[in-house]
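First comes the structure, then the notes that go with it.
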Amino acid sequence: MEKDYSIERLWKELDEGYQIYYTYMEKRYILTKLQKNCYSNELITIKDKNPHPKKQIITLKKVLELFPFMEDIEYKVGI
0 MEKDYSIERL
10 WKELDEGYQI
20 YYTYMEKRYI
30 LTKLQKNCYS
40 NELITIKDKN
50 PHPKKQIITL
60 KKVLELFPFM
70 EDIEYKVGI
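Numbering (numbering that gives the first Met the number 0), first residue to last: 0 to 78.
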């Protein structure tokens with residue numbers, strides 16, 4: 000992750016409709032904003048035995064908790 004990449008920039012990009020791809024605990028995820036304080040967190044890296052849920056609906060509070068541990072952040076324009 001870039002040193003100057005901040006939570007404010009992440010939040011702004013989510014508000015603008017970007018899908019954020021990131022790595023967390025060696026697994027790849029997509030983070031998308033659905034509504035105010037409502038985000039979709041989808042697991043991309045799927046293995047046979049995987050204790051992580053494939054899809055989650057999370058709040059901004061959870062996004063703020065995850066942010067310091069996000070690695071390899073990329074973004075793509077949503078639909």
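Each residue gets a CB set at the ideal place from its N, CA and C atoms; glycine is no exception.
For residue i and residue j, what's the separation of their Cα atoms in angstroms?
i     : j     : result
Ile45 : Lys11 : 29 Å
Glu15 : Gln34 : 12 Å
Glu73 : Ile19 : 6 Å
Lys54 : Lys26 : 13 Å
Met69 : Pro52 : 17 Å
Tyr4  : Leu13 : 14 Å
Asp47 : Glu64 : 27 Å
Tyr17 : Lys75 : 5 Å
Leu9  : Phe66 : 9 Å
Measuring alpha carbon to alpha carbon, tell me which of the options ends up nearest residue i.
i     : options                       : result
Leu59 : Ile43, Tyr21 and Thr31        : Thr31
Pro50 : Ile6, Lys75, Cys37 and Met24  : Met24
Thr22 : Ser5, Gly16 and Asn40         : Asn40
Tyr28 : Tyr38, Ile43, Asn36 and Cys37 : Ile43
Ile56 : Tyr20, Cys37, Glu7 and Asp3   : Cys37
Ile6  : Lys48, Lys54 and Val62        : Val62
Which residues does DSSP pair with residue i in a beta bridge?
i     : result
Leu30 : Ile19 and Asn40
Ile57 : Tyr38
Lys48 : Per DSSP, none; premise fails for Lys48.
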